[in-house]
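First the structure, in the form of structure tokens, and then the observations on it.
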Amino acid sequence: MPESFSPTVRLRKVARTLCRWRDRSGLNGDEVVAKLRWARSKLSKIENARQNIEPADVIALAVIYGVDEAERDALVETAATATDKGWWQSYGELAPFEGFGDYVGLESEAVLVRNFEIDLIPGLLQTEEYATAIAQAWAPRASDEEIQKRVSLRRQRQARLEGDPPLALHAIVTETALQVPAGAPELRRRQLEHVLDRASLDHVSVQVLPMSCGPHPSMGIPFVILSFPIDADPDVAYIEHLTGGVYVEQGSEVDAYILNFRALQEIALDPEDSAALIRKLISGLPMHT
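Position 130 of the sequence shown, counted from 1, bears residue number 130 in UniProt numbering, the numbering being contiguous throughout.
Put into structure tokens, the structure is as follows:
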């Protein structure tokens with residue numbers, strides 16, 4: 001199974017550039033570590049973005065790879081900021097679980113999020129009331145203050161949907177998730193109305209997988225695919241579990257999730273029919289009080 005670790009986008013970019021430099025130089029890994037008197041494991045971790053990369057290490061590698069000064073300095077600057085703290089890190093252990101900050105960091109630099117959910121409304125589409133109910137279910141022993149901080153983290157993530165440029169979102173959610181009684185009926189109504197409101201945005205697409213579709217390609221496996229600017233980083237798939245999350249970063253494995261999402265897209269209701277189904281569900285719920 002892939003490791004439950006994922007570096008920031010910038011760290012991965014530095015690692016990928018260093019690999020490209022080495023390939024261009026014609027040196028193999030053993031030759032590089034011999035020249036620099038490094039342990040082989042250090043170079044491996046650097047090239048796989050499994051440890052922070054010091055600017056001095058970038059400079060040392062640039063010298064033996066014969067990289068020009070401008071190209072070297074640009075990567076040194078990127079390496080220097082690769083481990084800067086993001087706004088989400090102020091939440092510390094109040095995030096749903098250790099390591100969730102890695103996901104938020106990747107999401108904060110993504111340009112497109114593709115999300116398939118089975119049991120709940122996607123986090124980027126949740127109302128504050130719904131998010132509170134979910135947070136209380138996940139952490140029944142948490143204080144009210146802790147719950148509100150977790151909800152605040154989610155609200156800040158959602159702000160990117162209104163950014164400039166906005167984050168694009170394609171969500172596929174099961175009909176079952178839309179009917180989970182998370183809170184009072186009035187809360188569910190407001191949540192479904194909020195989904196419709198978000199779905200009306202040009203950069204947000206919501207599809208519903210109806211119960212009538214039967215077995216589907218992702219039974220029991222909700223997941224997210226994060227896409228970045230073309231020159232920034234390859235796609236990453238993310239699968240959340242009870243105590244953490246797994247990042248899928250190998251190209252062929254990520255492609256499997258992309259194909260899975262496309263298959264779900266084909267069998268789910270189109271956005272217009274999905275909106276009609278959501279409106280039908282709303283009609284059966286009490287009006288706001």
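Backbone N, C-alpha and C define an ideal beta-carbon position, used for all residues, glycine too.
Model, not experiment: these values are computed from the prediction.
| query | From Ala-263 to Ile-282, what does the alpha carbon distance come to, in whole angstroms? | reply | For the purposes of this step, residue 263 is taken as the residue at position 263 of the sequence shown. For the purposes of this step, residue 282 is taken as the residue at position 282 of the sequence shown. Their backbone Cα atoms lie some 27 Å apart in a straight line.
| task | For Gly-183, collect the residues of the same chain with a Cβ closer than 6 Å to its Cβ; drop the 5 residues on either side in sequence, then sort them by chain order. | result | By 1-based counting over the sequence shown, the position of residue 183 is 183. If we look at Gly-183 and ignore the five residues flanking it on each side, its Cβ neighbours are Ala-133.
| said: On the criterion of 16 or more Cβ atoms from any shown chain inside 10 Å, does Pro-122 qualify as buried, or is it exposed? | reply: Translated into positions along the sequence shown, residue 122 becomes position 122. Note on Pro-122: 16 or more other CB atoms within 10 angstroms of its CB, so buried under the neighbour-count rule.
| said: Short of 7 Å in beta carbon distance, which residues of its chain neighbour Ala-275, apart from the five on each side in sequence? Order them along the chain. | reply: To locate residue 275, count along the sequence shown from 1; it is residue 275. Counting only Cβ-Cβ distances below 7 Å, and skipping sequence neighbours, we find Leu-196, Ala-199.
| query | With 16 other CB atoms within 10 Å as the buried threshold, where does Lys-35 fall? | reply | Position 35 of the sequence shown, counted from the start, is the residue given in the question as residue 35. With a 10 Å radius around the Cβ and a threshold of 16 neighbouring Cβ atoms, Lys-35 comes out exposed.
| Of all the options Leu-259, Gln-148, Ala-168, which has the alpha carbon lying nearest to the alpha carbon of Val-113? | If you number the sequence shown from 1, residue 113 lands on position 113. Checked all of Leu-259, Gln-148, Ala-168; the closest Cα to Val-113 is Ala-168.
| field | the region 172–183 contacting the region 198–214, beta-carbon criterion three pairs below 8 Å | value | Touching, yes.
| Beta-bridge pairing of Phe-223 - partner residues as DSSP gives them | For this step, residue 223 is matched to residue 223 along the sequence shown. Phe-223 is bridged to Phe-116.
| query | What separation, rounded to the nearest whole angstrom, lies between the Cα atoms of Arg-160 and Gly-26? | reply | Walking along the sequence shown from the start, residue 160 turns up at place 160. Walking along the sequence shown from the start, residue 26 turns up at place 26. A direct Cα-to-Cα measurement between Arg-160 and Gly-26 gives close to 42 Å.
| Cβ shell of Met-287 (< 6 Å), same chain only, five flanking positions each side left out | In the sequence shown, counting from the first residue as 1, residue 287 sits at position 287. Taken in chain order, the list of residues that qualify is empty.
| message | Starting from Leu-169, trace the alpha helix (DSSP H) in both directions and tell me its first and last residue. | response | By one-based count along the sequence shown, residue 169 stands at place 169. Taken as a continuous stretch (DSSP letters only), Leu-169 belongs to no alpha helix (DSSP H), being part of the beta strand (DSSP E) at 168–174.
| message | Let's see if you can read the secondary structure: which residues bound the alpha helix (DSSP H) around Leu-61? | response | The count along the sequence shown starts at 1 and reaches residue 61 at position 61. Counting along the chain, the alpha helix (DSSP H) containing Leu-61 begins and ends at 55–65.
| What first and last residue would you give for the beta strand (DSSP E) that runs through His-241? | By one-based count along the sequence shown, residue 241 stands at place 241. That run of the beta strand (DSSP E) goes 236–241.
| task | Per DSSP, which residues does Leu-209 bridge with? Please list them. | result | Position 209 of the sequence shown, counted from the first residue, corresponds to residue 209. In DSSP, Leu-209 forms a bridge with Thr-174.
| request: Return the CA-CA distance between Arg-12 and Tyr-247, expressed in angstroms with no decimal places. | output: Position 12 of the sequence shown holds residue 12. Position 247 of the sequence shown holds residue 247. Taken atom to atom, the span from the alpha-carbon of Arg-12 to that of Tyr-247 is near 13 Å.
| query | For Gly-244, which of helix, strand or coil comes out of DSSP? | reply | Sequence index remark: in the sequence shown, residue 244 carries index 244 (1-based). Residue state, collapsed to three classes: strand.
| message | Pro-229 and Val-111 - do their beta-carbons sit closer together than 9 Å? | response | One-based indexing of the sequence shown puts residue 111 at position 111. One-based indexing of the sequence shown puts residue 229 at position 229. For Val-111 and Pro-229, yes; Cβs fall inside 9 Å.
| query | From Val-103 to Thr-81, what does the alpha carbon distance come to, in whole angstroms? | reply | As a position in the sequence shown, residue 103 is number 103, starting the count at 1. As a position in the sequence shown, residue 81 is number 81, starting the count at 1. Val is not the amino acid found at residue 103; the sequence shown has Tyr there. Taking the straight line from one Cα to the other gives about 18 Å.
| Three-state secondary structure (DSSP) of Val-151 | Numbered from 1 along the sequence shown, position 151 holds the residue referred to as residue 151. Residue state, collapsed to three classes: helix.
| said: Taking a contact to mean a Cβ-Cβ separation below 9 Å, would you say Glu-117 touches Ala-39 in this structure? | reply: Locating residue 117 in the sequence shown gives position 117, where the first residue counts as 1. Locating residue 39 in the sequence shown gives position 39, where the first residue counts as 1. No, Cβ-Cβ distance for Glu-117 and Ala-39 is not below 9 Å.
| Would a C-beta distance cut-off of 9 Å place Ala-142 and Arg-150 closer than the cut-off? | The sequence position of residue 142 within the sequence shown is 142, counting from 1. The sequence position of residue 150 within the sequence shown is 150, counting from 1. Yes, the Cβ-Cβ distance between Ala-142 and Arg-150 is below 9 Å.
| Hey, how far is the Cα of Leu-242 from the Cα of Ala-139? | Taking the sequence shown and counting its residues from 1, the one referred to as residue 242 is at position 242. Taking the sequence shown and counting its residues from 1, the one referred to as residue 139 is at position 139. In a straight line, the C-alpha of Leu-242 is about 11 Å away from that of Ala-139.
| message | Less than 8 Å between C-beta atoms, sequence neighbours within five positions excluded: which residues of the same chain meet that for Glu-129? | response | Position 129 of the sequence shown, counted from the start, is the residue given in the question as residue 129. If we look at Glu-129 and ignore the five residues flanking it on each side, its Cβ neighbours are Gly-183, Leu-187, Arg-190, Gln-191.
| query | Per DSSP, which one or two residues make a beta bridge with Val-204? | reply | The residue given as residue 204 occupies position 204 in the sequence shown. Note: Val-204 sits in a beta bridge opposite Leu-169.
| task | Confirm, please, whether the CB-CB distance from Ile-278 to Cys-213 is below 9 Å. | result | Within the sequence shown, numbered from 1, the residue matching residue 213 stands at position 213. Within the sequence shown, numbered from 1, the residue matching residue 278 stands at position 278. Going by C-beta atoms, Cys-213 is not nearer than 9 Å to Ile-278.
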